[in-house]
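A quick write-up on the structure given underneath.
Residue numbers (our numbering), protein chains in the order written: chain A, 63 to 383; chain B, 14 to 342.
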């Protein structure tokens, strides 16, 4: 088994909304006001092995994007550590691909500069070879190299996604964090980009952390899947196990909700309730208010994430017998 | 499992050769170009296509909501024997919200952010029914309850921003249902929502159709959603319907190469890790469509004959396809 390329250990991110002047004064005078704190990511640990695709799945507000940003190094964690080949800093070896192909490209830069700026600044490619290098990257991502002089607005959504991928590849990364990288694309374009991701993985030996709300996409792409709910990992296992023998009641419910081409005339049986506010998550197991199998213990005590089968982790009291 | 509704002979809505064009400086954009279909009472029709295929404009055209530079330039939209396109704006206002209602992708578009939900709902009831305020309020409460909003009576006094996205979409659906319309047009109503919330909304929509016999047009880009919800599917491409049929017919034995490609593009559990069957290229610009079949530049089966425009030809069993070389032929 390969050693982990990326190790995430007890990573936490808390966002604190500082009190405004009036609230601070009120507190001085003895009023009971506290700062609002969101535990966006709460003690998440995971390891990604070299060449592996790990999917992170969850609904909005579960902390999956925050986790991705910390792993990519663009957001400092509140506590915990991200180690890359055992070291604290990954430098250029980790790159990120963003969701919105419209917002993540500078509209005033030409494609040649969007893709070519970083490798030039970091001395990966000398200036005289830059044109050829950018052209090669564009071709690798399925774009015509002659598009270099164009601006982002001259491209469709799918082409922009390709530019974003070419930009990430320009500094020769080993590890890509893809945050909802295909969510904004049409189905037929999404298929093209998913195929590109798999092709690049084979050709360049890339490792991915693939963050998505779309279980179908994650199932298609990932070797291993991590399911998050309100900042915590509730289950993680090989894809076959997650989709074949899900253990956590949330995972089971989530899988039942996924619309599939194969299911016809379903009587939709939804999970009751909505994701609680991360400002005031329920005590104990975060999922207990929506869980059909909740017990008194679930309200009081948060279940630990523990191994229920080799490589299969789940955080549920039901597994204690 | 839900049983298929018994179809009445007369459809709730019949759209015939609908054409909506946008007259822009860059030329005439044929957003909807000869679209025909029917929806029966209690039936769910999935109108499927990718961005820019004209599915939303079709919905807007039915309700007369197309703004300049767009204009409905031809066709008929027959609701209960009346051609909506022949009505004056004042007459249309009496139809909209009463006999046809629409649910939009972003519920903030339908809800007024500065009015309480009860104010908006009572207004919608009294615009079409001759009832008192108390009666209208009671109808509003009942409608919220029907879409599964807990504590409906107290939630009525909330403002739209006090609801979550999923709850807001329920309110929008409740408003659409208020006057018991014959037809509801839902334009990507769950696209912005999480899977679990989407399932709740689909559950309510399904229940509504089965119980009240409302016809439903569900506009979406997501084939997997209509697979579980719809009775029949119309697939649109470049302003035209390229294939129509029952859900099972279209998804299991697609005839049009575009439908086939679209289905192949959806990640499915049987083909994990395998490359997805992708459709090369991208949808053409509607401003300068080439003559002939609009799909032929991306089509693996294209032949010289495709330079002529294929018609939407019936194929038996209630299905139709717009292709000279259909699959499974």
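Glycine included, C-beta positions come from ideal geometry on N, C-alpha and C.
None of these values were measured; they are calculated from a predicted model.
Distance between beta carbons of residue j and residue i, contact taken as under 8 Å
i                      : j                      : result
residue 379 of chain A : residue 360 of chain A : 6 Å
residue 239 of chain A : residue 125 of chain A : With 8 Å as the limit, residue 239 of chain A and residue 125 of chain A do not qualify as a contact, their Cβ atoms being about 14 Å apart.
residue 299 of chain B : residue 251 of chain B : 6 Å
residue 159 of chain B : residue 169 of chain B : At roughly 13 Å, the Cβ-Cβ gap does not stay under 8 Å, so residue 159 of chain B and residue 169 of chain B are not in contact.
residue 250 of chain A : residue 74 of chain B  : About 25 Å; that fails the 8 Å criterion.
residue 211 of chain A : residue 172 of chain A : 6 Å
residue 207 of chain B : residue 141 of chain A : Wrong, their Cβ atoms sit about 28 Å apart, outside the cutoff.
residue 133 of chain A : residue 233 of chain A : Wrong, their Cβ atoms sit about 17 Å apart, outside the cutoff.
residue 388 of chain A : residue 276 of chain B : Because chain A is modelled from 63 through 383, residue 388 of chain A falls outside the range shown and cannot be assessed.
residue 176 of chain A : residue 229 of chain A : 6 Å
residue 48 of chain B  : residue 76 of chain B  : Between residue 76 of chain B and residue 48 of chain B the Cβ distance is about 14 Å, and since that is not below 8 Å, they are no contact.
residue 247 of chain B : residue 50 of chain B  : 5 Å
Sequence-distant residues of the same chain with beta carbon closer than 7 Å to residue i, five excluded per side
i                      : result
residue 351 of chain A : 335, 338, 344
residue 176 of chain B : 184
residue 52 of chain B  : 24, 25, 26, 58, 196, 228, 230
residue 339 of chain B : 268, 269
residue 201 of chain A : 207
residue 247 of chain A : 219, 220, 223, 255
residue 301 of chain A : 281, 284, 285, 286, 287
residue 328 of chain B : 268, 334
For residue i, the first and last residue of its enclosing beta strand (DSSP E)
i                      : result
residue 34 of chain B  : 26-37
residue 269 of chain A : 269-274
residue 171 of chain A : First-last for residue 171 of chain A: undefined, no H or E at that position.
residue 332 of chain B : 332-334
residue 91 of chain B  : 83-92
residue 45 of chain B  : 40-52
residue 158 of chain A : 156-159
residue 237 of chain A : 237-241
residue 199 of chain B : 196-200
residue 290 of chain A : 286-291
residue 104 of chain A : 98-111
residue 146 of chain A : 141-146
residue 42 of chain A  : Residue 42 of chain A is absent from the model: chain A starts at 63 and stops at 383.
Which listed residue (the options) has its alpha carbon closest to that of residue i
i                      : options                    : result
residue 103 of chain B : B:257, B:141, B:120        : B:141
residue 86 of chain B  : B:320, B:70, B:170, B:279  : B:70
residue 118 of chain A : A:146, A:100, A:228, A:276 : A:276
residue 236 of chain A : A:83, A:270, A:286         : A:270
residue 375 of chain A : A:290, A:213, A:90, A:136  : A:290
residue 121 of chain B : B:193, B:80, B:48, B:180   : B:180
residue 358 of chain A : A:347, A:218, A:250, A:155 : A:347
residue 194 of chain A : A:185, A:178, A:204, A:184 : A:178
residue 308 of chain B : B:90, B:234, B:289, B:336  : B:336
residue 172 of chain B : B:134, B:144, B:245        : B:134
residue 298 of chain A : A:107, A:176, A:71         : A:107
residue 292 of chain B : B:149, B:63, B:33          : B:63
residue 215 of chain A : A:153, A:82, A:151, A:163  : A:163
residue 159 of chain A : A:315, A:242, A:372        : A:242
residue 170 of chain A : A:187, A:213, A:186        : A:213
residue 366 of chain A : A:325, A:127, A:152, A:104 : A:104
residue 266 of chain A : A:109, A:128, A:191, A:113 : A:113
Same chain only: Cβ atoms within 6 Å of residue i, ignoring 5 sequence neighbours per side
i                      : result
residue 381 of chain A : 370
residue 78 of chain A  : 97, 99
residue 262 of chain B : 332
residue 189 of chain B : 114, 116, 197
residue 305 of chain A : 281
residue 241 of chain B : none
residue 314 of chain B : 270, 338
residue 112 of chain B : 194, 195
residue 349 of chain A : 291, 312
Limits of the unbroken alpha helix (DSSP H) element including residue i
i                      : result
residue 315 of chain A : 311-319
residue 360 of chain A : 358-362
residue 126 of chain A : 126-134
residue 263 of chain A : 249-266
residue 75 of chain A  : Run containing residue 75 of chain A: none in the alpha helix (DSSP H); it sits in the beta strand (DSSP E), 66-79.
residue 271 of chain B : 270-278
residue 141 of chain B : 130-141
residue 365 of chain B : Within the shown structure, residues of chain B are numbered from 14 to 342, placing residue 365 of chain B beyond reach of any answer.
residue 200 of chain A : 192-202
Cβ shell of residue i (< 8 Å), same chain only, five flanking positions each side left out
i                      : result
residue 107 of chain B : 141
residue 283 of chain A : 115, 117, 256, 259, 260, 270, 272
residue 66 of chain B  : 249, 250, 251, 252, 296
residue 118 of chain B : 200, 201, 202, 204, 205
residue 166 of chain B : 154
* **Length-filtered (4 minimum) alpha helix (DSSP H) runs lying within the stretch 207-255 of chain B** => Taken in chain order, the whole alpha helix (DSSP H) runs of length 4 or more contained in the stretch 207-255 of chain B are 208-225, 236-242.
* Counting only runs that start and end within the stretch 138-190 of chain B, where is the alpha helix (DSSP H) found for 4 or more residues in a row? -> Those alpha helix (DSSP H) runs which fall completely within the stretch 138-190 of chain B and span 4+ residues are 146-159, 165-168, 178-190.
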